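Undergrad:
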Amino acid sequence: MSVAQESDINVLETPLPQLLAAYRVELVDSSVTEADFFGAYVEHRDGSRVLSMPPGRPAFERDTAARMLLAQGLGLDTPPVPAALKVSVL
């Protein structure tokens, strides 16, 4: 998918599997299971992208956290993360 096509994708409305495919992001289960950990977006030096999320979370929570992490990690123009949450960039 080209950059122009990617820019037409609505991060808040596109089904998550389509969103992950469009940005070539692999979704994997995280071994981190603390209640306050929602996931991590990682872009490797080779350009591959991984979204690591704790398994067993409610579908709405997982979907929402995935979208927030993708938007932040990809630098997409989206509303800011709610103040109650914190996204760290390492």
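Here the sequence shown stands for residues 14 to 103, numbered as in my numbering. Using N, Cα and C, we set each Cβ at its ideal position, and we do this for glycine too. Bear in mind that the values here come from a model prediction, so they are computed numbers and not experimental data.
At the level of alpha carbons, what is the spacing between V94 and S61?
TA: For V94 and S61, the distance between alpha carbons rounds to 24 angstroms.
Undergrad: Just how far apart, CA to CA, sit P68 and L89?
TA: So the two alpha carbons sit approximately 25 angstroms from each other.
Undergrad: How long is the line joining the alpha carbons of Y54 and E39, rounded to whole angstroms?
TA: Distance between the alpha carbons of Y54 and E39: 10 angstroms.
Undergrad: Which residues does DSSP list as the beta-bridge partners of Y54?
TA: Beta-bridge pairing links Y54 to L64.
Undergrad: Excluding five sequence neighbours on each side, which residues of the same chain lie with their C-beta closer than 6 angstroms to the C-beta of T91?
TA: Excluding sequence neighbours, T91 sits near V24 and A84.
Undergrad: Can you find the residues in the same chain that come closer than 8 angstroms, C-beta to C-beta, to D42, ignoring five residues on each side of it along the sequence?
TA: Excluding residues within five positions, the ones whose Cβ falls inside 8 angstroms are S65, M66, P67 and P68.
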